[in-house]
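In my numbering, the protein residues as written are 8 to 639. For glycine and all other residues, C-beta sits at the position ideal for the given N, C-alpha and C.
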């Protein structure tokens, strides 16, 4: 478009006129009177020229749209003469019938979108927009022409009513049309802004969108204090006392146990381990007694190109003795290549966790080489593509049996102690207290005092039981649970009774007040425990203030529909929250939307096109062509 203007327009003044004309046509195309008429369907209906889903495009709508575009064509011809056709072609108006029907299809698709979004506006928001002359002229320019405004920018009511009557409309009609215009305007913004919004701007919008909430706080403490102030007779309290004891023994003491944990250790038991057992254990665990670990000595080649590595391997398969020469010629590891690729050695170890990833791979490849002269497959490391060759292997040597005999005897005793001790102690536990004490003293058992849970299951003082096959529990003192007399716990019973009754009353009122709060909030404002407030929130500081009052602000920020909300209840209070009003924050606060500009327009076009693919569109082209010819 810009290039066409540069190629065909001479003179700054004429250029400015054309740019202004482009802006005018953009406004008319976005917010035209016939477009609004398609959003507000009057009772009379003309024959349709097509359907978009269940929505008809009427002859009257098409006629008005074609008239608008033909007026624009006439205006361009009058103002720009021979240059007019350039502008008309740029705007797609060379075929006003096709342009008009495409505009109407898009408006019908946008209408379907707004119907699905449940868009709601407060009366204050509508009034605020209606008092903005620039907005009204942009959205309803044909319906509210400029001459209806006074010097202060206010619409002259009497002249406006007369103008509406001339159009066959009432003030009620206008209100509905204006609300539909607001919906369309916001729908356009929603679609464009869905294209992209930076996270920082989304957070700003969430915190800074001016909102008004009705918040009612129901305080549980008020219920509790009210219940505590009521006198309750002993008969009622005793019945509550009996009920709680029957359900969960609430007013009973807990069982108390005191005893000892006897700990026995393997080294304090004299046991003879046979020579055969020691030899067998040594043979089975020989790897644990390494004197000198296994080592492999290696050469390696490192190259940057895998194809070069493959060529080297192919040569080594034919003649492995070339490894040193190939390392000198090709390896990028200069230090080892000069020595024919000498890598040194890798020592066997049980724990590889401290090795680097490269060394783990080399370790695996090195110990997979089964004989001297074997060459590894190519593998990748951070240095490049590597190849290993085994020069020689030193096998591990082990400590002799004599040097580790005492260690083995101790290991055998420790590992078999639990089984042997378990068999021996069971016989001792069947005997009297004296036998056990003598056994414990002989084997130097350690005694530790313990209480309650560890002794669970033992009820007779002196009773003992084996645990973990190495320890013994002994009960010394047991106090069984018993019911506390009513008079002793009467004060606690009264407190518990008041607490339970307060919770019942509180929960019941939350249920009753929930319905009333969202349908008739005025009816509950005088409730004895309800604190009713209206909060205007438009900044992070406002949200912080509500947070300090323990208000559930995270849930409040998620409310998107006017007159909707939630109830948030915990043990201390219940919050009833309703969103009464919400406005978009100023761009001065959060910056320009990511949906503005050409990118947002392109995204809008793609969304409308997508909507068109999901509905049935039928256009009677013959009727369209015939009607266009009759419009002057």
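Selection from the options that minimises the alpha carbon distance to residue i
i, options, result
"residue 354", "314, 307, 402 and 344", "402"
"residue 216", "254, 532, 563 and 464", "563"
"residue 433", "458, 480 and 387", "480"
"residue 493", "246, 474, 95 and 96", "246"
"residue 582", "220, 116 and 166", "220"
"residue 324", "310, 393 and 380", "380"
"residue 258", "347, 488 and 81", "488"
"residue 639", "74, 62, 93 and 336", "74"
"residue 242", "235, 236 and 250", "250"
"residue 526", "572, 513 and 509", "572"
"residue 640", "476, 405, 318 and 618", "Because the chain here runs from 8 to 639, residue 640 falls outside it and cannot be looked at."
"residue 464", "114, 264 and 409", "264"
"residue 188", "629, 105 and 136", "136"
"residue 58", "114, 566 and 90", "114"
"residue 72", "85, 546, 102 and 613", "102"
"residue 410", "337, 285 and 475", "285"
Rounded C-alpha distance that separates residue i from residue j
i, j, result
"residue 538", "residue 218", "20 Å"
"residue 390", "residue 358", "24 Å"
"residue 577", "residue 556", "15 Å"
"residue 468", "residue 503", "36 Å"
"residue 6", "residue 196", "As displayed, the chain neither begins before 8 nor continues past 639, which places residue 6 out of reach and without an answer."
"residue 553", "residue 570", "20 Å"
"residue 152", "residue 625", "35 Å"
"residue 44", "residue 180", "Residue confidence for residue 44 is low, a pLDDT of 37 falling below 50, so the modelled location carries little weight; the figure read from the coordinates is stated next. For residue 44 and residue 180, the distance between alpha carbons rounds to 10 Å."
"residue 297", "residue 420", "22 Å"
"residue 438", "residue 447", "13 Å"
"residue 623", "residue 172", "37 Å"
"residue 52", "residue 98", "Reliability of the predicted coordinates at residue 52 is poor, the pLDDT of 45 falling under 50, and no value is obtained from them."
"residue 50", "residue 223", "Because the pLDDT of residue 50 is 35, which lies under 50, any placement of that residue in the model is unreliable, and the number read from its coordinates should be weighed accordingly. Rounded to whole angstroms, residue 50 to residue 223 spans 44 Å at the Cα level."
"residue 535", "residue 237", "16 Å"
"residue 466", "residue 248", "28 Å"
"residue 166", "residue 184", "19 Å"
"residue 27", "residue 92", "In this prediction, residue 27 scores a pLDDT of 32, lower than 50, which makes its location untrustworthy; no coordinate-derived value is stated."
"residue 31", "residue 83", "Summary for residue 31: the model assigns pLDDT 30, below 50, so the residue's position carries little reliability, and this model does not support an answer."
"residue 163", "residue 157", "6 Å"
"residue 371", "residue 308", "17 Å"
"residue 637", "residue 66", "12 Å"
"residue 61", "residue 619", "13 Å"
"residue 273", "residue 444", "18 Å"
"residue 418", "residue 337", "54 Å"
"residue 275", "residue 424", "11 Å"
8 Å contact criterion, which residue i and residue j should meet: CB distance rounded
i, j, result
"residue 107", "residue 155", "With a Cβ gap of about 27 Å, residue 107 and residue 155 do not count as contacting."
"residue 382", "residue 327", "6 Å"
"residue 333", "residue 342", "Between residue 342 and residue 333 the Cβ distance is about 16 Å, and since that is not below 8 Å, they are no contact."
"residue 306", "residue 331", "7 Å"
"residue 473", "residue 441", "Residue 473 to residue 441, Cβ: 19 Å. No contact."
"residue 79", "residue 111", "About 16 Å; that fails the 8 Å criterion."
"residue 231", "residue 505", "6 Å"
"residue 335", "residue 351", "Their Cβ separation, rounded to whole angstroms, is 17 Å, which puts residue 335 and residue 351 out of contact at 8 Å."
"residue 304", "residue 399", "5 Å"
"residue 311", "residue 339", "6 Å"
"residue 508", "residue 234", "5 Å"
"residue 455", "residue 268", "5 Å"
"residue 270", "residue 431", "15 Å between Cβ atoms; not a contact."
"residue 260", "residue 491", "6 Å"
N- and C-terminal bounds of the alpha helix (DSSP H) containing residue i
i, result
"residue 352", "That residue, residue 352, is in no alpha helix (DSSP H); its beta strand (DSSP E) goes 349-354."
"residue 226", "Looking at the DSSP string, residue 226 is not in any alpha helix (DSSP H); the run it does join, the beta strand (DSSP E), is 218-226."
"residue 413", "408-436"
"residue 503", "493-526"
"residue 289", "282-291"
"residue 555", "547-555"
"residue 73", "66-87"
"residue 321", "313-325"
"residue 241", "241-255"
"residue 372", "364-373"
"residue 332", "330-337"
"residue 94", "91-97"
Host beta strand (DSSP E) of residue i (start-end)
i, result
"residue 164", "Element bounds for residue 164: not the beta strand (DSSP E) but the alpha helix (DSSP H), 164-173."
"residue 568", "No beta strand (DSSP E) holds residue 568; DSSP gives it neither H nor E."
"residue 57", "55-59"
"residue 626", "624-626"
"residue 263", "263-270"
"residue 542", "537-544"
beta-carbon residue i near the ligand FMN non-hydrogen atom, thresh 7 Å
i, result
"residue 480", "Among the components modelled here there is no ligand, and therefore nothing to report on the ligand FMN."
Contact with chain E by residue i, beta-carbon distance below 8 Å
i, result
"residue 404", "Checking the listed chains, one finds no chain E in this structure; it contains a single protein chain."
Entirely enclosed beta strand (DSSP E) segments - the region 449-483, minimum 3 residues:
453-458 and 471-474
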